[in-house]
Amino acid sequence: MLMEGANHSVVLEFVFLGLTNSWDIQPLIFVFSSMFYVASIMGNSLIIFTVVSDPHLHTLMYFLLANLSFIDLGVSCVTSPKMIYDLFRKRKVISFRACVIHIFSIHVISGVEMVLLIAMAFDRYVAICKPLHYFTIMGPKMCLFFVVTAWVVGLTHSVVQLAFVVNLPFCGPKVTDSFYCDLPWFIKLACTDTRKLEFMVTANSGCISVGSFIMLIISYIVIIITVQKHSSSGSTKALSTLSAHISVVVLFFSPLRFVYTCPSPSIHMDKFLAIFDAVFTTFLISVIS
């Protein structure tokens, strides 16, 4: 649908081409996507309920884990329901406003999750490297600091990203070979030269994701080196916990680094990474956690 503006038409909705045009494959995608979506919702909800209801789990580590599960619920609910709903629709559309809200939500959630993962790494560092000072350092004020910082960073990152693109002129085309809204293709549909803007958005998101990933890997290397100096029994338990954390970090950052550090990923790879991140990653993180 187009509306005539003063100098050009304004796009009021975007049309998705979806995951696939094959009606034979769509039922299979529907079954597996729905199954993992429900499992992710149940798994993350169970983690939150368990942490909230058990007084013995009211520590910073589990507090951060509950917040991470809450964010993963958001990831599942932002992208998966519409993707599943659109599988059997011939015309897959989303309004301009809903698309902008979708992009805003994705980047807020991503920013919050990055900070929470860094906070969890810091928590493990203090617990393993400075065990005698753990409860002094990781008190209630630190819990509040990490959560507030996570949401401030997430909101700031998303607002800054959208501030540069939300007022771009969109006069067509309005069809995109995707199944969800995100900045890379959103910018490319604008009726103006967006090469500099594309580079800025890619650099912004890419630097944040790669920088956070490198910071986490360095912190885990320091922790592992420290763990190796302790007794074998303590080392085994600590390494078991760290392996779960590292798995979560790799699952979260791998799709982000590919999408936002490769200027032009292939359409098929982009879709695969998107569905992996939206459906499977949140489920796997809830299982690993």
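Numbering (the working numbering), first residue to last: 1 to 289.
Virtual Cβ for every residue (Gly too), placed ideally from N, Cα, C.
Looking at the secondary structure, which residues open and close the beta strand (DSSP E) in which residue i lies?
i   : result
F14 : 13 to 16
I need the straight-line Cα distance from residue i to residue j, nearest angstrom please.
i    : j    : result
H157 : A127 : 30 Å
M35  : V108 : 26 Å
C143 : F32  : 37 Å
E198 : F122 : 33 Å
V152 : W23  : 43 Å
A244 : I208 : 23 Å
L12  : M83  : 20 Å
I48  : Y220 : 25 Å
I217 : K141 : 26 Å
L57  : M138 : 14 Å
M3   : A66  : Residue placement at M3 is poorly supported in this model, since its pLDDT is 40, which falls under 50; the coordinates are not used for a value here.
M200 : D72  : 27 Å
G5   : R195 : Unreliable placement is indicated for G5, whose pLDDT of 40 sits below 50; the coordinate value is still reported in the next sentence. Those two C-alpha atoms are separated by around 25 Å.
C191 : I41  : 39 Å
P131 : T149 : 24 Å
V248 : F104 : 23 Å
K90  : I246 : 41 Å
I106 : V250 : 18 Å
V165 : L183 : 8 Å
S205 : K229 : 37 Å
DSSP on residue i, reduced to helix/strand/coil?
i    : result
T282 : helix
I217 : helix
A6   : Model confidence at A6 stands at a pLDDT of 39, short of 50, so the residue's coordinates are unreliable and nothing is read from them.
T176 : strand
K92  : strand
P169 : coil
Q26  : helix
M1   : Below a pLDDT of 50, predicted positions are generally treated as unreliable, and M1, at 41, falls in that range; the measurement from the model is reported next regardless. Coil.
L19  : coil
Less than 8 Å between the C-beta atoms of residue i and residue j, yes or no?
i    : j    : result
Y290 : V75  : Because the chain is modelled from 1 through 289, residue 290 falls outside the range shown and cannot be assessed.
Y85  : I223 : no
S69  : N44  : yes
C181 : H102 : yes
L64  : A98  : no
D177 : L17  : yes
C129 : T281 : no
V15  : V175 : yes
T10  : C171 : Strictly speaking, residue 10 in this sequence is Val, with Thr absent from that position. Going by C-beta atoms, V10 is nearer than 8 Å to C171.
L155 : V100 : no
What first and last residue would you give for the alpha helix (DSSP H) that runs through residue i?
i    : result
V115 : 96 to 129
Q161 : 140 to 163
L65  : 60 to 86
K188 : 183 to 188
T194 : From DSSP, T194 is part of no alpha helix (DSSP H); its letter is neither H nor E.
Counting only C-beta atoms, is residue i closer than 8 Å to chain B at any point?
i    : result
V108 : This model lacks chain B altogether, as it is built from one protein chain only.
Quiz item: For the 8 Å Cβ check, are there 3 or more pairs between the region 16 to 33 and the region 183 to 200?
Solution: As far as the Cβ criterion goes, the region 16 to 33 does not touch the region 183 to 200, which means the pair count is below three.
Practice problem: Could you say if the region 204 to 215 and the region 107 to 122 meet the contact criterion of at least three C-beta pairs nearer than 8 Å? | Solution: In short, these stretches touch, since the Cβ pair count reaches three.
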